[in-house]
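Under the numbering used here, the first residue of the sequence shown is numbered 160, with each subsequent residue one higher. Just so it is clear, CB atoms sit at the ideal spot from N, CA and C, and this is done for glycine as well. Worksheet: one structure, shown below.
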Amino acid sequence: SFHDLERTPPLDEMKEIVQRQLKAGADICKMVTTAQGFEDNLTVLQLISEFPGVRLVSFAMGALGSMSRVLCPLVGGDFTYASIEKGKESAQGQITVRDLLKIYEMVGE
């Protein structure tokens, strides 16, 4: 797994990191970055579409990255992370399981 606690690297850099994870024998690749702006959500989600057939989790942390946490499984990511309850988050931008399930119910997932 890869975590960047400061930024979201460019797409090409993230693709190289995923390639290294695959070469190392990863069953599931994980790319977690820190969103500095809305566009970072699009970048981490686009990474998923760059690796069809690969088990991959890719989202951004932070308040600005919450959207990518919700959308990750909807665009082909294996799963996302959620907090059991408010106040128990393990990373900034994590939403609760309850809220995540409400959103997925609304979109028919």
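Entirely enclosed alpha helix (DSSP H) segments - the region 178-252, minimum 4 residues: 197-208, 225-230
Residue range of the unbroken alpha helix (DSSP H) whose run includes Leu-164: Segment: none, Leu-164 is in no alpha helix (DSSP H) and carries neither H nor E.
Through-space distance from Arg-179 to Leu-230, alpha-carbon basis: 24 Å
Cys-188 vs Val-203 beta-carbon contact at 7 Å: no
Close-in-space but distant-in-sequence residues of the same chain around Asp-237 (CB under 7 Å, 5 per side omitted): Ile-187, Arg-214, Leu-215, Val-216
Selection from Ile-262, Gln-195, Phe-197 that minimises the alpha carbon distance to Pro-232: Ile-262
Integer-rounded CB distance, given that Ala-194 should sit under 8 Å from Met-220: 7 Å
Beta-carbon proximity of Arg-257 to Thr-239, cut-off 7 Å: no
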